[in-house]
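Numbering (the working numbering), first residue to last: 7 to 354.
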């Protein structure tokens, strides 16, 4: 009887935790829970192990307060023909959840804001800016996707959007009934992680990021190698390439990771690739004014508008033969590159 009582208590306790997580705690804006729903509903394991995971085509959902629609190619974008329309200019955005547009509407993603700026100056829109971002991608996965599939869309320009966690090793999907279906498990795992960082010596966010770039760190080494492969492919196929560094949005003044920015810029220079640092485009703003929610530091529309203007200006400046030196975008104040962003020209 004692054993039955213990088992019954565990079951009842588990049901209470699950019910509380589902119907009391879940307000649709918890980062960990929303990312879990997105992975559960939208992602699948890729046939290409170097890609790791990908979006399931023609799926949709509502995450972090915004709708998400995935097209037939597995992209958060409208449909595109493999054959590029005559006179069209295709710019492909490679990236992770920042490029995907976590927590913002599709029209507020960097890709679509850049597309709007490039096309606003023209009577006939001719620029297609393609959003290939997938949550939890790192640089090696983004480049593996491009070399395997993205290149089929024949972009004229590729923008590799780099964030500090892109030096993480490729994530492996861990499956269990709890991970797949339990809200309670997600809430508890998130709470335990926060407590571990606060009280039990688990690395804080600054230490965690810096450790990704220590000498010999495997993820950073793999990212550098992948960038070399991407640069070689683009050069051999007449594709322009720009590497854009996105800042970590918790601390903008006295930015804590200048050595990471310098490292990414050095990799770009070594591969003769143009480089843009976006930090200067937002240093006049408070960090939390750029977040999608008070507890989620993914870039919101305000941040993405600044980023998009800086990237659009850089593209037109560096690749005038592609973009035909479009004039300043009507309705949008052009941000001076000398004030808005740090650029590093490619070494000839």
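Even for Gly, the Cβ is constructed at its ideal location relative to N, Cα and C.
Please read these numbers as outputs of a predicted model, since none were measured by experiment.
Check                                                                                                                           : Outcome
Residues that residue 100 bridges to, as DSSP identifies them                                                                   : 166
Contact under 7 Å by Cβ, residue 101 with residue 70                                                                            : no
For residue 94, the three-state DSSP class (helix, strand or coil)                                                              : coil
Separation of residue 151 from residue 91, as counted between CA atoms                                                          : 23 Å
Touching by the beta-carbon criterion (3+ pairs, under 8 Å), the region 110-117 and the region 49-64                            : no
Where the beta strand (DSSP E) through residue 268 begins and ends                                                              : Counting along the chain, residue 268 falls outside any beta strand (DSSP E), though it belongs to the alpha helix (DSSP H) covering 264-276.
Helix, strand or coil at residue 175 [DSSP, three-state]                                                                        : coil
Exposed unless 16 or more other CB atoms sit within 10 angstroms - verdict on residue 213                                       : exposed
Residue 84 versus residue 51: straight-line alpha-carbon distance, rounded                                                      : 23 Å
Start and end residues, alpha helix (DSSP H) containing residue 39                                                              : 37-48
Residue 277 to residue 289 span [Cα, whole Å]                                                                                   : 28 Å
Member of 228, 258, 247 and 262 whose CA lies at the smallest distance from the CA of residue 216                               : 262
When 96, 126, 235 and 44 are compared against residue 279, the one with the closest alpha-carbon                                : 235
Residue 252 - DSSP class collapsed to helix/strand/coil                                                                         : coil
Nearest residue (CA-CA) to residue 315, options 237, 300 and 284                                                                : 284
Cβ-Cβ separation, residue 317 to residue 120 (assumed contact under 8 Å), whole Å                                               : 6 Å
CA-to-CA distance, residue 88 to residue 226, given in whole angstroms                                                          : 33 Å
Same chain only: Cβ atoms within 6 Å of residue 133, ignoring 5 sequence neighbours per side                                    : 95, 121, 124 and 125
Distance between residue 303 and residue 259 (C-alpha atoms, nearest Å)                                                         : 16 Å
Short Cβ contact (7 Å threshold) for residue 321 with residue 309                                                               : no
Residue 301 to residue 93 span [Cα, whole Å]                                                                                    : 43 Å
Buried/exposed call for residue 146, threshold 16 Cβ in 10 Å                                                                    : buried
Counterpart residues of residue 135 in DSSP-defined beta bridges                                                                : 97
Given residue 230 as reference, the closest of 173, 97 and 57 once Cα atoms are compared                                        : 173
Residue 136 beta carbon less than 7 Å from that of residue 98                                                                   : yes
Length of the line joining the Cα atoms of residue 168 and residue 307                                                          : 18 Å
Chain-order list of residues whose beta-carbon lies under 6 Å from that of residue 4 (same chain, five-residue window excluded) : The question about residue 4 has no answer here: the residues shown for the chain are numbered 7 through 354.
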